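Since the structure comes first, as C-alpha cells, the remarks are kept for the end.
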Amino acid sequence: MKEKAETKTKAAPKKAAAKTAQAAPKPKVVSEERDAAVEQKLVSLYALQSVDSAIDNIRILRGELPLEVQDLEDDIAGYQSKIEKLKADMDEIAKNISDRKAAITEIKAQIKKYEKQLREVKNSREYDALNKEIEFQNLENQLHEKKIREATITLEKRKADLERNEEACAERQKDLEAKKGELDEIVAETEKDEKALMKKSEEYQGKIEPRWLRLYERIRNNAHNGLAVVCVERDACGGCFSKIPPQRQIDIRMHKKIIACEYCGRFLVDESIKEKAEEVTGQGK
Ligand SMILES: [Zn+2]
1 MKEKAETKTK
11 AAPKKAAAKT
21 AQAAPKPKVV
31 SEERDAAVEQ
41 KLVSLYALQS
51 VDSAIDNIRI
61 LRGELPLEVQ
71 DLEDDIAGYQ
81 SKIEKLKADM
91 DEIAKNISDR
101 KAAITEIKAQ
111 IKKYEKQLRE
121 VKNSREYDAL
131 NKEIEFQNLE
141 NQLHEKKIRE
151 ATITLEKRKA
161 DLERNEEACA
171 ERQKDLEAKK
181 GELDEIVAET
191 EKDEKALMKK
201 SEEYQGKIEP
211 RWLRLYERIR
221 NNAHNGLAVV
231 CVERDACGGC
241 FSKIPPQRQI
251 DIRMHKKIIA
261 CEYCGRFLVD
271 ESIKEKAEEV
281 TGQGK
C-alpha cells in the first residue's frame, strides 16, 4: 500500500496540513512526469520555501525591533513621572519654609509689641502674663527655625535626587534617539530586502503549477513555522519528524514524483534538491 502513497490527491489537501498521527487518506500518484521536469518542480518548490522563510524571518525580526524602542520610552516615562513628583515635593517643602519664615516675622513683630506693652504694665500679674506670652512666642520661633533647618536638608536631598534622575533621563533620551535612528535604518534596509525576496518568491511561484502552489500555501498557513517543503533529515520528515520508510526515501531521491509526508502533508525533498535550490536562490543555509 505504501508504494502508491506518493502524493496527495486533490481531495487530500484539507487534511494534508493537519499534524495528526493518522495517515492521510489513500493518496494516488499525481505526477509521473519525466525526471528532469519533476526535479525542476521540486527545486522550485524548495527555492520558493527558502525565499518565503527568509521573508518570514525579516517580518519576525522587524516585529521585535519596536519593542526595544518601546522599552526605552517606558523608562523615560518612568523617569519623567519621578522628576515631576520630586519637583512637586520640592515646591511643597519650599512653600513650607517660606510659610514658616513669614510666621517668624509675624511672631517677632508680636514679641516687639509685647515688649512695648511690658514697659507700660501696671501690675506684676500683667507683667508675668506678658513675659509668659513672650517666652511662648520665642519657643514657637525656635520650633519654626528647627523645622526650617530640617526642611532645608530635605530640600537639598531632593535636589540631588532630582539632578540624578534628570541626568539618567537625559541619557535614556539620547539612547532612544540613537536607537530610533538605528531602527529606522534597519526597517528601511529590511524593507528593501523584503521587496527583493518577494519578487523572487513571485518568480518561483510562476514556475510551480497552481495546484501545487495552492497546496503549498495551505500547508504553509497551517504550519506554525511556515514550512511546507522540508528535507528528509535522519530518515525522518524535517517538518513533523515522522520516520520515513527506506523504500519511500529511495523514491524521494529518484525525483520521479512529488512526494508528500504521509503524516503532515509537507512536500519532501532530499539533500540534492536542497543544494540545487540553494544554487538557484543564492542562499546557503
Ligand atoms: Zn511530516
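Under our numbering, the first residue of the sequence shown carries the number 1, and numbering increases by one thereafter. Ideal placement from N, C-alpha and C gives every residue a C-beta, glycine not left out. Since the structure is predicted, the reported quantities are computational estimates derived from the model, not experimental observations.
* To do: In the DSSP assignment, find the unbroken beta strand (DSSP E) run with GLU217 in it and report its ends.
  => GLU217 -> not in any beta strand (DSSP E); alpha helix (DSSP H) instead, spanning 210-222.
* In chain order, what residues of the same chain lie with their CB nearer than 8 Å to the CB of LEU65, ignoring the 5 residues before and after it? -> Counting only Cβ-Cβ distances below 8 Å, and skipping sequence neighbours, we find LEU183, ILE186, VAL187.
* From what residue to what residue does the beta strand (DSSP E) around VAL280 run? -> Boundaries for VAL280: no beta strand (DSSP E) harbours it, while the alpha helix (DSSP H) harbouring it runs 271-281, taken from the DSSP string.
* Inspect the beta-carbon positions of VAL38 and LYS207 and report whether they are closer than 8 Å. => Contact annotation: VAL38 and LYS207 have beta-carbon atoms that are not nearer than 8 Å.
* Would you list, in sequence order, the uninterrupted beta strand (DSSP E) runs of no fewer than 3 residues that lie entirely inside the region 40-94? => At a cut-off of 3 residues, not a single continuous stretch assigned as beta strand (DSSP E) sits fully inside the region 40-94.
* Pull up the distance between the alpha-carbon of ASN287 and that of ARG62, whole angstroms please. => It is not possible to answer for residue 287, since the shown part of the chain is limited to 1 through 285.
* To do: With DSSP collapsed to three states, give me the class of GLU203.
  => In this structure, DSSP gives GLU203 a helical state, which the three-state scheme calls helix.
* Asked: Is the beta carbon of SER53 sitting closer than 8 Å to the one on TYR204?
  -> At the C-beta level, SER53 and TYR204 stay beyond 8 Å of one another.
* With CYS231 as the anchor, note down where its beta strand (DSSP E) starts and where it stops. => Counted as a single uninterrupted DSSP element, the beta strand (DSSP E) harbouring CYS231 occupies residues 229-233.
* To do: Consult DSSP for CYS237 and reduce its assignment to one of helix, strand or coil.
  => DSSP places CYS237 within a strand segment (E or B) once states are collapsed to three.
* Relative to ligand 1, is the shortest distance from any of its heavy atoms to the C-beta of CYS261 smaller than 7 Å? -> CYS261 Cβ: within cutoff of ligand 1.
* Does DSSP put ILE289 in a helix, in a strand, or in coil? -> Nothing about residue 289 can be reported from this structure: the residues present for the chain run from 1 to 285 only.
* Given ARG220 as reference, the closest of LYS180, LYS274, TYR127, GLN49 once Cα atoms are compared -> Distance from the Cα of ARG220 is smallest, within the candidate group LYS180, LYS274, TYR127, GLN49, for GLN49.
* **GLN22, buried or exposed, once every other Cβ within 10 Å from all chains shown has been counted against 16** => For GLN22, the pLDDT reaches just 46, beneath the cut-off of 50, and the residue's location in the model is therefore unreliable, leaving the point undetermined.
* How about ASP239 and ALA223: do their beta carbons lie closer than 8 Å? -> A small correction: the amino acid at residue 239 is Gly; Asp does not occupy that position in the sequence shown. Taking 8 Å as the cut-off, the Cβ atoms of GLY239 and ALA223 count as close.
* Asked: How is LYS122 classed by DSSP in three states: helix, strand or coil?
  -> Under the three-state reduction of DSSP output, LYS122 falls in the coil class, being neither helix nor strand.
* From MET198, GLU271, PRO246, pick the residue whose C-alpha is nearest to that of ASN57; which is it? -> Residue MET198 holds the alpha-carbon nearest to the alpha-carbon of ASN57 among MET198, GLU271, PRO246.
* Cβ neighbour criterion (16 or more within 10 Å) applied to ALA277 -> Result: buried.
* Should ASP251 be labelled buried (16 or more other beta-carbon atoms within 10 Å of its own) or exposed? -> ASP251 is buried by the Cβ-count criterion.
* Asked: Is it true that the CB of LEU72 sits closer than 8 Å to the CB of ARG164?
  -> Against a cut-off of 8 Å, the Cβ pair of LEU72 and ARG164 comes out as no contact.
* If you measure from the CB of ARG220, is any heavy atom of ligand 1 nearer than 7 Å? -> Checking the Cβ of ARG220 against ligand 1 gives no.
* Asked: Say the cut is 7 Å; is the CB of CYS231 nearer than that to a heavy atom of ligand 1?
  -> No.
* Asked: How would you label LYS200, buried or exposed, when you count the other beta carbons within 10 angstroms and need 16 or more for buried?
  -> Counting Cβ neighbours within 10 Å, LYS200 comes out buried, since at least 16 surround it.
* Asked: Using the C-alpha atoms, what's the distance from GLN80 back to ASP175?
  -> If I take the Cα positions, the gap works out to 15 Å.
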